Amino acid sequence: MQIQIIIAVYFLALIVIGVFSFFKIKTPGDYYVAGKKAGFIPVSGSLLATLLGGSAILGTIELGQQIGWAALWLLFSAASGLLFLVPLSKYVKRFGNFTLPELLGKFYGKRAEIIASAVIPVAWLGIVAAQIIAAAKILSGLHIVSYYPAAIVSGVVFIVYTLIGGQHSIIKTDTIQSVLIIAGIILITFYAVEHPTSGEVEHFSPTLLFNNNFKPFDLLILLLTYSVTFVVGPDIYSRLFCAKDEKTASKSVLTVALILIPLSFALTYLGIYSNTVESAGIIDFAEHLLPGWMYGLFLAALLSAVMSSADTTLLTSSIILGELASGDLSGKSSIKLTRFLVVILGVTSILIALFVNSVIQSLLFALTLFSGAFTVPTLFGLLRIKVDNRQIIPAIVSGGTIALTGKIVNTYFNDLTGNIIIIFSFLISTIILFSTTTKKQRK
């Protein structure tokens, strides 16, 4: 009963923050980017909470169970992407306003903005759904409610507070959630270290970063399909657009990158540790390790991780589609349209979660499509590299299609062939952008 109360209070607190934030929204900029006034702590907290979604936390622990200390590479690659973004973040803040497609429009023209606005929300639906799946699995794991009603309840909660308070409520809840997430990870790691099991936890050594289940080539694919999404991710850019200035944006990205490294060690250790106990996973052995009230807080931390990613990706996708439909986000009527899209996309994500219950599968397919389509064009734009702007749509469509094809081949047919196709997608996108068309061909 104690655990149910803690979780109920947590959900209620999110709704209350959303209602409180509603009264602070005076302009579209307040709803979309928190008035561009967020300081270092809110931007860093929101960015950290967004990145440490349920898929990142549960995914790292799951990988730790499967491949040992090589699982460190998951969040290491995320941190490396953020470190690469640090010098670029000032340009993101300088050139961007509300969304990534809008930024691409400044670099390549209106056609690029339109195609990005059409593709990104579709890809991001898989990410929102992945977070709902993770939340539903956490709640259903308590044996209070089954998976399907848990997915509906989780989805409705984050739809409501995103709908009401927009970016104002997300910045506030994310900052609180980041504290809960870090506290929860530290708490369970401390208890795991202080309560050794009969099995032996393998001590870390640099030689364990690669093994038969994770080779250097696997790291290359991880960098291309996962790390790059931390360099050009629309959810990350939405945090930077909220920052009050370029310095705040850069400092926040650097701080979060450094925080991810020790968290990666803690989560990987938990994965390895869980193999030495008879448990079905992190939730199961946390229940046996922690006192009741601490276990409730730990579950709230896990739900925080899930919700913080879900709300950001949901609002970002809705803003992007709203911009595509209206052509202008500066009018007050655009907020109504965006709120309508929050409901539509949120409900769609819930439906996906009801039929697809694999977090990693939903997440990685979406990220692969996005990275293949937008990594090369976005990086070239931020670095001010001159390309043939007329080729932007073929580059986006070809890159995304080939990368997604590679992921399908990788998942269902052959690992090596699929990975080679994914690498090929980035090369093709680059070649297309640098290609030139002769006058005769244009005619």
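Count the sequence shown with the numbering used here and you get residues 75 to 517, in order.
Backbone N, C-alpha and C fix where the C-beta goes; we use that ideal spot for every residue, glycine too.
Every value quoted in this text rests on a predicted model; they were computed, and no experiment measured them.
If we ignore side chains and look at the alpha-carbon of each, how far apart do residue i and residue j end up?
i: D292; j: V380; result: 26 Å
i: G486; j: I245; result: The amino acid occupying residue 486 in the given sequence is Tyr; Gly does not appear at that position. Cα to Cα, the separation comes out at about 39 Å.
i: F372; j: I505; result: 48 Å
i: A427; j: L332; result: 32 Å
i: E320; j: K164; result: 5 Å
i: E268; j: T236; result: 39 Å
i: T299; j: I194; result: 15 Å
i: S348; j: Y311; result: 35 Å
i: F508; j: S243; result: 42 Å
i: L478; j: V327; result: 28 Å
i: E361; j: I259; result: 14 Å
i: L415; j: I206; result: 17 Å
i: D309; j: I393; result: 11 Å
i: L282; j: L157; result: 24 Å
i: T247; j: D462; result: 42 Å
i: Y265; j: G370; result: 15 Å
i: P336; j: S407; result: 44 Å
i: G82; j: V234; result: The residue asked about is misnamed: residue 82 is Ala in this sequence, not Gly. Going from the Cα of A82 to the Cα of V234 covers about 15 Å.
i: Q515; j: I497; result: In this prediction, Q515 has a pLDDT of 42, which is less than 50 and means its spatial position is unreliable; what the coordinates show is noted afterwards. Roughly 29 Å between the two C-alpha positions.
i: G200; j: L125; result: 15 Å
i: N484; j: G142; result: 22 Å
i: L162; j: L457; result: 8 Å
i: I89; j: L403; result: 25 Å
i: V330; j: F169; result: 22 Å
i: S279; j: S324; result: 32 Å
i: F500; j: L86; result: 44 Å
i: H277; j: L294; result: 25 Å
i: G480; j: S472; result: 12 Å
i: P270; j: N286; result: 27 Å
i: E136; j: F288; result: 14 Å
Looking only at its chain, what residues have a beta carbon closer than 7 Å to the beta carbon of residue i, apart from the 5 residues adjacent to it on each side?
i: Q78; result: I218
i: Q139; result: G345, S348 and N349
i: L178; result: A186, E187, A190, P451, T452 and G455
i: A210; result: Y221, A224, A225, S228 and A427
i: A197; result: A440, L443 and F444
i: F114; result: T322, K325 and S326
Using 8 Å for Cβ pairs, my map puts residue i next to residue j. What's the rounded Cβ distance?
i: V166; j: C316; result: Not quite, the Cβ-Cβ distance comes to about 12 Å (not below 8 Å), so this is no contact.
i: L334; j: A152; result: 6 Å
i: A190; j: I470; result: 7 Å
i: F304; j: G155; result: 3 Å
i: G396; j: L411; result: 5 Å
i: K558; j: K318; result: Summary: the structure shown does not reach residue 558, with the chain confined to residues 75 through 517, and so no result is reported for it.
i: A447; j: G474; result: 3 Å
i: L388; j: G420; result: 6 Å
i: I495; j: I476; result: 6 Å
Counting only the same chain and skipping the five closest in sequence on each side, list residues whose C-beta sits under 6 Å from that of residue i.
i: F232; result: M381, A384 and D385
i: T511; result: With a pLDDT of 45 at T511, under the threshold of 50, the predicted position of this residue should be treated as unreliable, and no value is reported.
i: F74; result: This structure gives no information on residue 74, because the portion of the chain shown stretches from 75 to 517.
i: I418; result: none
i: S391; result: P195, W198 and L419
i: L159; result: V305 and V327
May I ask you to report which of helix, strand or coil DSSP gives residue i?
i: D172; result: According to the sequence provided, residue 172 is Phe. The question's Asp does not apply to it. In the structure shown, F172 sits in coil (DSSP, three-state: anything other than H, G, I, E or B).
i: N285; result: strand
i: G109; result: helix
i: L334; result: helix
Is residue i close to the ligand PLP? I mean its beta-carbon at under 8 Å from any heavy atom of the ligand.
i: G138; result: Ligands displayed in this structure: none; no statement on the ligand PLP is therefore possible.
Using a Cβ-Cβ cutoff of less than 8 Å, which residues in the same chain neighbour residue i once the five nearest sequence positions on both sides are dropped?
i: T134; result: A145, L148, L149, S338, L341, T342 and G345
i: L296; result: W147, L148 and S151
i: P290; result: F284
i: V275; result: Y343, I346, Y347 and T350
i: F374; result: What sits at residue 374 in the sequence shown is Ala, not Phe. Excluding positions up to five away in sequence, the list reads I80, I81, Y84, L254 and G258.
i: S25; result: What the structure shows of the chain is the stretch from 75 to 517, and residue 25 is not part of that stretch, so it cannot be assessed.
i: I262; result: L344, I356, A360, L363, L364 and F372
Is there at least one Cβ from chain C nearer than 9 Å to residue i's Cβ?
i: I295; result: Among the chains in the structure shown there is no chain C, since it carries only a single protein chain.
Inter-stretch contact (C-beta, 8 Å, three-pair minimum) for the region 97-111 and the region 250-257: no
Cβ contact check for the region 448-467 and the region 182-190: 3 or more pairs under 8 Å: Segments in contact, yes.
Touching by the beta-carbon criterion (3+ pairs, under 8 Å), the region 221-231 and the region 488-504: no
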